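Going down the list, the sequences are from chains A and B. Take any residue in the first sequence, note its place counting from 1, add 30, and you have its number in this note's numbering. Take any residue in the second sequence, note its place counting from 1, add 1, and you have its number in this note's numbering.
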Amino acid sequence: MPRSLFDKVWDAHVVEELPGGNALVFMDLIVAHEITTPPGAITIEKEFDDRLYDPQRIVAMIDHVAPAKDSATALQGQTVRNWAKRQGIPFHDIGDNGICHVIVPERGYIGPGMTACCGDSHTCTLGAFGAFALGIGTTAQAGAMLAGCLILQRPKVMRVDVTGELQGGATAKDLALTVIATIGFRGGTGYVLEYTGSAIRALTMEQRMTLCNMAIEAGATTGMIAADATTAAYLAATPNAPAFSLDVQADPDAEYAKTVTIDGSAVRPVVSWGTNPGECSPIDGIVPLDAPAESLAYMALKPGQVMTSIAIDQAFIGSCTNARISDLRAAAEVFRGRKVTVPTIVTPGSQVVRRQAEREGLHDIFQDAGALWTHSSCGPCLGMSMGVLAPGMRCVSSSNRNFPGRMGDGGRVHLAAPVVVAASAILGRIGSPSELPALADREAVLA
Amino acid sequence: MIVEGSVLPVRHANIDTDQIIPARYLTRIDTAGMGEHLFEGMPDGATLLAEHPGASIVVARENFGCGSSREHAAWALLGRGFRAVIAPSFARIFEENAYTNALVPIVVAPDVAEALMSAQHIVIDVAAETLRADGGEAVAFKLDPLRKQFVLGGGFLQFLNAKIPAIRSWEAAR
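This is the structure:
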């Protein structure tokens, strides 16, 4: 029977079928960060003699809050640090830190056909490599650390075929938001999204990661893209340069529980106006006339409001969605020679990304524009450690969630691509790079 | 196993785990103390909890528990005395976390959930997979047969621990 990419990866990792459609699924890689790992590691220490299935299948790092912001987060970091040391687990401490979904690919810990999990919902990012990678809770992660396996219900597979090619300023972020708007904010629940088509093939690995990162925002178990020459070239350049094969591909006649086709050439730059990532409009459009009143009340917007009329109080470029080097380069092109008019924070996805950006002089561009250039962490995305919003503050953000309170109690978040965030930071309202006045003396400024 | 009590009606769809417990409280290495911050991220959370003191069953709309994977959401609900959540649908990770922690996740039809929001007292027979509101007709629901064991008797990690020899053989033969 012809099989999908997901089917092949899943089938190759099922250790045992369990009652009720569940299976014991082997995990090739377990990613462990300081926020969700400690309770599970401590339980294993107390109840199972600190015994792990295979420490070499785990990679750990300081991720969300780096460095610690208080004694509590210091204890989280220290707990993971000590645990990794005594278990011989590769550990990326502050200085070498980063968001796990940025570190794991850039170091080459993930590869095609692998399975991976982490106590972090955006683990679906790793599906960009043709892996089956998913977010789970702390106890499930502990189970994988203890026994090497997760207990999972086999998801259905939805093929998301993106034809044509992105154009006219549309980015992978716009495609990610368009996919969610197309299948619905919870339309992916119970499914793995398997992205196929010419527009997907044309994406770089970093763009594929942006797309897969937001599969969870449609409720999907994960997103997956079959590996190809682009994947191989990316992995070959990583420090770990893992051995891998490109053989795991969907059969041409594979059947899918559902197929959705999106014309990639018609994808336009979009910005969210509501309180979930499915609530988006084209940047040159309006807040829909039939937008839910509850979303608009929270966001203090009116139906029919022109998107580019929405004034902002803060801008943020960062997060596991859009803080890789290509995102920073794209944003820097917009900032170059211009000034921000609202508080703007630029947070690289890892210290490796930060150092690369500085080698290229991007940090000077951000800081010349008046933006705050920070070290790597999750930053303002989840309102946990820095750049938190006050009630009523409105932030345009390259992150992935605009839920009520996500970036701070009462804060309002508009999701967009890094170039749109940069343009908005300069305009002081939601706006696109094409609206920015040309810099007559731009070359002089650069010289 | 009987779970019974009064209802906290959450009349919103898509309540994500940031609303159940905001990220600023994810700074502990244990699961204690989460209950006092339950629903702090939900705009009407404090009001709702104050209006329904002693409630032990959440009834919500579609897609409860979406977003972040934080198991803290289940710990916060349990820490505040909740023992079951009833909704037309759950996000996958929240549902898995709920089962693992014996917070019973019960899926019912949307109209049933709406009706249950006005109930005074709900009695849930977990083993029999039925519930009754205010002494009315029994409503049947379905639990995951494997995960139901973890609700009734705990032992999620023990279950996996017992599988290790089989997993090692599988891996060796890979």
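Here a beta-carbon is modelled for each residue, glycine too, at the ideal position from N, C-alpha and C. Keep in mind it's a predicted model, so treat the numbers as computed, not measured.
Residue interval of the beta strand (DSSP E) (run including residue i)
i, result
"leucine 164 of chain A", "162-165"
"glutamine 159 of chain B", "Run containing glutamine 159 of chain B: none in the beta strand (DSSP E); it sits in the alpha helix (DSSP H), 157-173."
"glycine 181 of chain A", "The sequence as given places isoleucine at residue 181 of chain A; glycine does not occur at that position. 179-183 is the extent of the beta strand (DSSP E) around isoleucine 181 of chain A."
"glycine 6 of chain B", "3-6"
"alanine 256 of chain A", "Element bounds for alanine 256 of chain A: n/a, residue is neither H nor E."
"tyrosine 26 of chain B", "Premise fails: tyrosine 26 of chain B is in no beta strand (DSSP E) and is neither H nor E."
"asparagine 52 of chain A", "52-56"
"tyrosine 83 of chain A", "Neither: tyrosine 83 of chain A is in no beta strand (DSSP E) and is coded neither H nor E."
"threonine 226 of chain A", "221-226"
"proline 448 of chain A", "Proline 448 of chain A -> not in any beta strand (DSSP E); alpha helix (DSSP H) instead, spanning 448-457."
"threonine 234 of chain A", "Element bounds for threonine 234 of chain A: n/a, residue is neither H nor E."
"isoleucine 58 of chain B", "58-61"
N-terminal and C-terminal residue of the alpha helix (DSSP H) that residue i is part of
i, result
"glutamine 108 of chain A", "101-117"
"cysteine 130 of chain A", "130-137"
"aspartate 41 of chain A", "35-41"
"alanine 116 of chain B", "111-117"
"arginine 148 of chain B", "146-154"
"leucine 50 of chain B", "46-52"
"aspartate 126 of chain B", "Where aspartate 126 of chain B is concerned, there is no enclosing alpha helix (DSSP H), although the beta strand (DSSP E) it sits in stretches over 123-126."
"valine 364 of chain A", "355-365"
"isoleucine 347 of chain A", "Premise fails: isoleucine 347 of chain A lies in the beta strand (DSSP E), 344-347, not in any alpha helix (DSSP H)."
"isoleucine 460 of chain A", "Where isoleucine 460 of chain A is concerned, there is no enclosing alpha helix (DSSP H), given that its DSSP letter is neither H nor E."
"isoleucine 375 of chain A", "That residue, isoleucine 375 of chain A, is in no alpha helix (DSSP H); its beta strand (DSSP E) goes 374-376."
Rounded distance between the beta-carbons of residue j and residue i, thought under 8 Å
i, j, result
"arginine 354 of chain A", "glycine 391 of chain A", "At roughly 17 Å, the Cβ-Cβ gap does not stay under 8 Å, so arginine 354 of chain A and glycine 391 of chain A are not in contact."
"serine 427 of chain A", "leucine 445 of chain A", "6 Å"
"isoleucine 210 of chain A", "methionine 239 of chain A", "Not really, about 16 Å apart at Cβ, beyond 8 Å."
"tyrosine 225 of chain A", "proline 44 of chain B", "No, tyrosine 225 of chain A and proline 44 of chain B are not in contact; Cβ-Cβ is about 35 Å, not under 8 Å."
"serine 429 of chain A", "serine 311 of chain A", "Between serine 311 of chain A and serine 429 of chain A the Cβ distance is about 18 Å, and since that is not below 8 Å, they are no contact."
"glycine 173 of chain A", "leucine 161 of chain B", "4 Å"
"threonine 193 of chain A", "glycine 249 of chain A", "That belief does not hold up - the Cβ atoms of threonine 193 of chain A and glycine 249 of chain A are roughly 24 Å apart, past 8 Å."
"methionine 57 of chain A", "cysteine 147 of chain A", "5 Å"
"valine 187 of chain A", "serine 34 of chain A", "5 Å"
"alanine 361 of chain A", "alanine 452 of chain A", "4 Å"
"isoleucine 344 of chain A", "asparagine 127 of chain A", "First, the amino acid is wrong: residue 344 of chain A is glutamine here, not isoleucine. At roughly 24 Å, the Cβ-Cβ gap does not stay under 8 Å, so glutamine 344 of chain A and asparagine 127 of chain A are not in contact."
"proline 89 of chain A", "valine 134 of chain A", "Correcting the residue type first, residue 89 of chain A is valine in the shown sequence and not proline. Yes, they are in contact, since the Cβ atoms of valine 89 of chain A and valine 134 of chain A sit about 7 Å apart, within 8 Å."
"alanine 256 of chain A", "alanine 229 of chain A", "That pair is no contact at about 14 Å."
"asparagine 432 of chain A", "threonine 305 of chain A", "6 Å"
Nearest to residue i (by Cα), restricted to the options the options
i, options, result
"arginine 459 of chain A", "A:Ile313, A:Arg385, A:Arg216 and A:Ile375", "A:Ile313"
"histidine 94 of chain A", "A:Leu402, A:Asp123 and A:Glu309", "A:Asp123"
"valine 110 of chain A", "A:Gln386, A:Asp357 and A:Val61", "A:Val61"
"glutamate 486 of chain A", "A:Ala114, A:Leu48 and A:Met244", "Past the edges of chain A, shown from 31 to 477, lies residue 486 of chain A, and the structure says nothing about it."
"aspartate 80 of chain A", "A:Ala263, A:Ser464, A:Met175 and A:Glu224", "A:Met175"
"glycine 217 of chain A", "B:Ile22, B:Ala92, B:Lys149 and B:Ile3", "B:Ala92"
"glycine 66 of chain B", "B:Leu104, B:Gly82 and B:Leu144", "B:Leu104"
"arginine 12 of chain B", "B:Gln150, B:Asp112 and B:Gly137", "B:Asp112"
"threonine 67 of chain A", "A:Gly167, A:Pro32, A:His131 and A:Gly118", "A:Gly167"
"glycine 28 of chain A", "A:Gly304, A:Ala250 and A:Val364", "Only positions 31 to 477 of chain A appear in this structure, which leaves residue 28 of chain A out of reach."
"alanine 75 of chain B", "B:Gly6, B:His38 and B:Gly55", "B:His38"
"isoleucine 479 of chain A", "A:Arg366, A:Thr377 and A:Arg389", "Since the displayed chain A opens at 31 and closes at 477, residue 479 of chain A lies outside it and no answer follows."
"threonine 145 of chain A", "A:Leu233, A:Met423, A:Arg431 and A:Val278", "A:Val278"
"leucine 9 of chain B", "B:Ala174, B:Gly46 and B:Ala173", "B:Gly46"
"isoleucine 58 of chain B", "B:Met118, B:Leu153 and B:Ser170", "B:Met118"
"leucine 223 of chain A", "A:Asp398, A:Ala170 and A:Ala206", "A:Ala206"
"alanine 56 of chain B", "B:Gly34, B:Arg175 and B:Gly82", "B:Gly82"
"glycine 400 of chain A", "A:Ile375, A:Met414, A:Ala256 and A:Met416", "A:Ile375"
"isoleucine 342 of chain A", "A:Gln335, A:Asp357 and A:Pro373", "A:Pro373"
"alanine 323 of chain A", "A:Gly107, A:Val370, A:Trp303 and A:Cys425", "A:Trp303"
"lysine 203 of chain A", "A:Gln117, A:Pro333, A:Gln106 and A:Ser356", "A:Ser356"
"arginine 368 of chain A", "A:Val317, A:Thr289 and A:Pro463", "A:Pro463"
"tyrosine 221 of chain A", "A:Met423, A:Ala468, A:Glu247 and A:Asn112", "A:Glu247"
If you scan the segment 385-430 of chain A from start to end, which runs of the alpha helix (DSSP H) of 4 or more residues do you find wholly inside it? 392-398
List, from N- to C-terminal side, the alpha helix (DSSP H) runs of 4 residues or more that fit wholly inside the segment 311-342 of chain A. 323-329
If we count Cβ pairs, one from each stretch, closer than 8 Å, do we get three or more for the segment 70-86 of chain A versus the segment 95-104 of chain A? no
Taking contact to mean 3 or more Cβ pairs, one atom from each stretch, closer than 8 Å, check whether the segment 433-447 of chain A and the segment 401-421 of chain A are in contact. yes
At 3 residues or longer, and completely inside the segment 242-312 of chain A: list those beta strand (DSSP E) runs for me, N to C. 252-255, 288-293, 300-302 and 310-312
Just to confirm the assignment: which complete beta strand (DSSP E) runs, minimum length 3, are found wholly within the segment 185-215 of chain A? 186-193
Would you be able to state if there are at least three C-beta pairs under 8 Å between the segment 156-170 of chain A and the segment 252-271 of chain A? yes
Counting beta carbon pairs with one atom in the segment 45-56 of chain A and one in the segment 286-301 of chain A, are three or more of them shorter than 8 Å? no
Does the contact criterion of 3 or more C-beta pairs under 8 Å hold for the segment 134-147 of chain A versus the segment 128-135 of chain B? no
Entirely enclosed beta strand (DSSP E) segments - the segment 67-95 of chain B, minimum 3 residues: 85-88
Chain E contacts made by the segment 19-50 of chain B, where a contact means CB separation under 9 Å: Of the protein chains in the structure, A and B, none is chain E.
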